[in-house]
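Undergrad: My questions will all concern the structure given below.
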Amino acid sequence: MEREIVNVLYREMTYKRLKANPQLSADWNKFLKTFKRSGSLKRTLLSQSILFSFLGLILLPSVYYVKTDGSAVVYASYCMLPLIVALYGTAVTAQYAVSLGLFEPLLSLPVRVGGKYLSALLLITELPSTLLLFPPAIALSLKLGPVAGTLGFAWALMGAFIGHTLGLLIYDRLGKTSGGRFSGLKTAFKAFGIILVMSLFYGMNYIQRYVSSHYEALRGVFEKYSIAYPFSVVTVEKPLLSLGLLAVYGLVIGAVYVSTVRRLWRRISEGTTVERRGGKAKLSLHSPALALALKDFKIASRNTSLLTGLLMPVVVIIPSLAGALKSGSEGSALGFVLAIGWTSSIAIDAVLKIDGRAFEVLHSLPLSPRTFLRGKLVTMTVVPVTAGLGAVLGLSLGNPSVVKVLPIALLLPVATAGTTLTVFYWGIREVALPETRWEKMLLVLLANGIIIGVTAGLWYVECFLSIPFVAIVDALLLWHLSR
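Each residue of the sequence shown is one higher than the one before, starting from 2 at the first, in our numbering.
What follows is the structure in structure tokens.
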């Protein structure tokens, strides 16, 4: 019965999440097809398990090819991943699941410890991430024996359990209040957390190289603090000690977990309250396009997923930024600017979701399509332009010649974002939500690829030739969006 309740809760959460997407709710056939694909808990777990197991193959060589006395150290360095993923996933998703009202039907039932259903729902969906360490655990078995490999994977599961318990504690202690003066700051921290988790995977290659090169020095540190996770993972070389530590962790974290789950039902039944002091109303005048952009960012500041979507163009190019900062050359700065111009189109998904079901309200305003599109252009370009200008100005402190890239950093994201809006809104003569088909996205990638390719080619012929080219593209797009 408990398994059936968790399955129903998952389907209900998926249903409400998809219904909140106006692009799906407007097309019932598309909605049913998507719900059938993503509403199955078994199918979701299977696909995620396959994905994480495949990604884990990337980590296998670093454990297998290092010297035998260093394999446990390398493996232990990876055991923070399941903890962080489980912690953040639990802390964020718990409040989201409760806010959807998933547990309201259970309030009238004689359920004594209802919080266990929230915990089970979150923990089951997070467990596939531990399979990221399954291939490295196999490598550990080949190096130190099957007992060490089994204990290593048990420690990965323990890391996920620790992260899950800490996430429940965070929700129990901090999940009551929303809104208020610092609601935007809370959302920014959540978005930063998501970006941090994504950045962990970008830094995996660096971690592999560093630990493999310095495992002899790190081994002493890990053994000295072996009572603390993840340093405790190196005890897999001493099975009895490792098993004893696992038992101690299980008892301590288990006691905290049981205590927290018992309090969760009270938290769920209370719901989420909004606390806010009264403030003075402020009225400020802006141009219509700028006012729309400010409205978009205010909405995004209260929604973690939307804010993350707007920041995504910067997240995707973290490796390019790292290369530019390391080199500091004019070429690396140009490469970063070209990369951020290429990824500017990614924000279109978040930009289209910001208004959601508010198009009826927008239709009631004296708002022309061209003003609406100019506002969306501002929304799409603020983050990439700011990131590009900031990076170029920072690099110019060490290499003044990098300043030549500054005009491209300002103009190129406008060109690629404007091209994206032009393609998606081609033929639409009203304020509306366009259909996001893969054909349009492919056309956007091709068009932006041509713009970026020509810009790069002209730069290497004569750097100042690329500036008028991008400026002309911007002017043509702004003219088209203003018709």
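Glycine included, each C-beta is placed from N, C-alpha and C at the ideal position.
Computed from a prediction, not measured in an experiment: that's the story for all the values here.
Using CA coordinates, which residue listed in Leu133, Pro289, Gly376 is at the minimum distance from Ile349?
TA: Ile349 has its Cα closest to that of Gly376, out of Leu133, Pro289, Gly376.
Undergrad: Between the alpha carbons of Leu353 and Thr35, how many angstroms are there, rounded?
TA: Spanning the two alpha carbons is a distance of roughly 19 Å.
Undergrad: Pop quiz: Gly57 and Phe162 are said to be a contact at Cβ under 8 Å. What is the actual Cβ separation, rounded to whole angstroms?
TA: Not confirmed; about 19 Å, so no contact.
Undergrad: With 16 as the cutoff for other CB atoms within 10 Å, does Trp427 come out buried or exposed?
TA: Its Cβ having fewer than 16 others within 10 Å, Trp427 is exposed.
Undergrad: Could you pull the start and end residues of the alpha helix (DSSP H) that Tyr16 belongs to?
TA: First-last of the alpha helix (DSSP H) with Tyr16: 3-20.
Undergrad: Where Leu60 and Gly255 are concerned, what is the direct C-alpha to C-alpha distance, given to the nearest angstrom?
TA: Whole-angstrom Cα-Cα distance: 29 Å.
Undergrad: Thinking just about the alpha-carbon of each residue, which of Leu368, Lys117, Leu398 is nearest to the one in Arg267?
TA: Out of Leu368, Lys117, Leu398, Lys117 has the C-alpha closest to the C-alpha of Arg267.
Undergrad: Would the stretch 414-424 count as touching the stretch 471-483 if we require 3 or more Cβ pairs under 8 Å?
TA: They touch, by the three-pair rule.
Undergrad: Just to check my reading of the structure: Leu84 and Glu13 have Cβ atoms closer than 8 Å, yes? What is that Cβ distance to the nearest angstrom?
TA: In fact, because the Cβ distance is near 28 Å, the residues do not count as touching under 8 Å.
Undergrad: Taking 7 Å as the CB-CB limit, is Val316 close to chain D?
TA: No chain D appears in this structure, which consists of one protein chain only.
Undergrad: Please tell me whether His165 and Thr91 are closer than 7 Å, where the distance is taken between their beta carbons.
TA: Yes, Cβ-Cβ distance for His165 and Thr91 is below 7 Å.
Undergrad: Taking C-beta to C-beta, are Phe154 and Ala138 nearer than 7 Å?
TA: Cβ distance < 7 Å, so Phe154 and Ala138 count as in contact.
Undergrad: Just to confirm before moving on: does the CB-CB distance between Val384 and Leu407 stay below 7 Å?
TA: No, Cβ-Cβ distance for Val384 and Leu407 is not below 7 Å.
Undergrad: Give me the Cα-Cα distance between Phe373 and Ser346, rounded to the nearest whole angstrom.
TA: For Phe373 and Ser346, the distance between alpha carbons rounds to 17 Å.
Undergrad: Is there contact between the stretch 450-467 and the stretch 330-340, where contact requires at least three CB pairs shorter than 8 Å?
TA: Judged by Cβ distances under 8 Å, the stretch 450-467 makes contact with the stretch 330-340, as three or more pairs qualify.
Undergrad: Whole angstroms is fine: what's the gap from Leu143's alpha carbon to Gly71's?
TA: Their backbone Cα atoms lie some 13 Å apart in a straight line.
Undergrad: According to DSSP, is Ile318 helix, strand or coil?
TA: Reduced to three states, the DSSP call for Ile318 is coil.
Undergrad: Please say whether Ser402 and Glu331 have beta carbons closer to each other than 7 Å?
TA: Their beta carbons are under 7 Å apart, which means Glu331 touches Ser402 by this criterion.
Undergrad: If I measure Cβ to Cβ from Val424 and keep anything under 7 Å in the same chain, skipping five residues before and after, which residues do I get?
TA: Excluding positions up to five away in sequence, the list reads Lys441, Leu444, Val445, Ala448.
Undergrad: Consult DSSP for Gly342 and reduce its assignment to one of helix, strand or coil.
TA: Three-state DSSP puts Gly342 in a helix.
Undergrad: Would you call Pro231 buried or exposed, if buried means 16 or more other Cβ atoms sit within 10 Å of its Cβ?
TA: So Pro231 counts as buried.
Undergrad: On a CA-only basis, which of Leu46, Trp156, Gly389 is nearest Ile237? Give me that one, please.
TA: The sequence shown places Val at residue 237, rather than the Ile named in the question. Here the closest residue by C-alpha is Trp156.
Undergrad: To the nearest angstrom, report how far apart Leu170 and Thr126 are at their CA atoms.
TA: Approximately 18 Å between the Cα atoms of the pair.
Undergrad: Would you kindly work out how many angstroms separate the C-alpha atoms of Ile409 and Leu19, rounded to a whole number?
TA: So the two alpha carbons sit approximately 39 Å from each other.
Undergrad: For Phe183, which three-state DSSP category applies?
TA: The predicted model places Phe183 with a pLDDT of 48, which falls under 50 and marks its position as unreliable, so this point remains unresolved.
Undergrad: Counting C-beta neighbours from all protein chains within 10 Å, is the total for Asp28 16 or more, i.e. buried, or is it exposed?
TA: Under this definition Asp28 is an exposed residue.
Undergrad: Suppose you measure from the CA of Phe53 to the CA of Val257; what does that come to, to the nearest Å?
TA: Phe53 and Val257: Cα-Cα distance of roughly 28 Å.
Undergrad: Counting only the same chain and skipping the five closest in sequence on each side, list residues whose C-beta sits under 8 Å from that of Pro240.
TA: Excluding residues within five positions, the ones whose Cβ falls inside 8 Å are Val148, Ala149, Leu152.
Undergrad: How many angstroms separate the CA atom of Val249 from the CA atom of Leu335?
TA: Each residue's Cα considered, the two are about 53 Å apart.
Undergrad: How about Val379 and Ala290: are their beta carbons less than 7 Å apart?
TA: It is a contact, given that the beta carbons lie within the stated cut-off.
Undergrad: Rounded to whole angstroms, what is the Cα-Cα separation between Phe73 and Ser243?
TA: According to the sequence displayed, residue 73 carries Ala and not Phe. Distance between the alpha carbons of Ala73 and Ser243 is about 12 Å.
Undergrad: According to DSSP, simplified to helix, strand and coil, what is Gly102?
TA: Looking at Gly102 - three-state DSSP - the assignment turns out to be coil, as it is neither helix nor strand.
Undergrad: Tell me whether His481 sits in a helix, a strand or coil according to DSSP, three-state version.
TA: Three-state DSSP puts His481 in a helix.
Undergrad: If you run the structure through DSSP and keep just helix, strand and coil, what is Ile59?
TA: Note: Ile59 maps to coil in three-state DSSP.
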